[in-house]
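Chemist: Residue numbers (full-length UniProt numbering): 1 to 76.
Glycine included, every Cβ here is placed at the ideal spot set by N, Cα and C.
Keep in mind the model is a prediction, meaning the values are calculated, not measured.
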């Protein structure tokens, strides 16, 4: 995963890394959701932003299934 340059996104990446180190699927899901939101609101190029959003959405779908939730498109 490529780190983003704004401070908010860097914090979200750190949170994701901590959640992954702990191995807590719910925390990982939360971290990806926050990362998605931070990326959505970032000023990076459109193509780079869309690539990252797609990556995060895939991870969100994966972890939603792992924790027993329903698959949901975060864009809606």
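How long is the line joining the alpha carbons of residue 29 and residue 44, rounded to whole angstroms?
Modeler: Along the chain shown, read from residue 1 onward, the residue named residue 29 stands at position 29. Along the chain shown, read from residue 1 onward, the residue named residue 44 stands at position 44. So the alpha carbons of these two residues sit roughly 23 Å apart.
Chemist: Can you tell which of 25, 52 and 54 has its C-alpha closest to the C-alpha of residue 68?
Modeler: Here residue 68 refers to the residue found at position 68 of the chain shown. Nearest C-alpha to residue 68: 25.
Chemist: Cβ of residue 47 within 9 Å of Cβ of residue 9?
Modeler: Position 47 of the chain shown, counting from 1, holds the residue named residue 47. Position 9 of the chain shown, counting from 1, holds the residue named residue 9. In this structure, residue 9 does not lie closer than 9 Å to residue 47 by Cβ.
Chemist: If the criterion is Cβ atoms closer than 9 Å, does the pair residue 32 and residue 59 meet it?
Modeler: Taking the chain shown and counting its residues from 1, one reaches residue 32 at position 32. Taking the chain shown and counting its residues from 1, one reaches residue 59 at position 59. A contact, by the Cβ cut-off of 9 Å.
Chemist: Which two residues bound the contiguous alpha helix (DSSP H) that contains residue 61?
Modeler: Locating residue 61 in the chain shown gives position 61, counting from the first residue. Segment 46–66, the alpha helix (DSSP H) holding residue 61.
Chemist: Between which two residues does the alpha helix (DSSP H) carrying residue 39 extend?
Modeler: Numbered from its first residue, the chain shown carries residue 39 at position 39. It spans 25–40 - the alpha helix (DSSP H) in which residue 39 sits, taken as one unbroken run.
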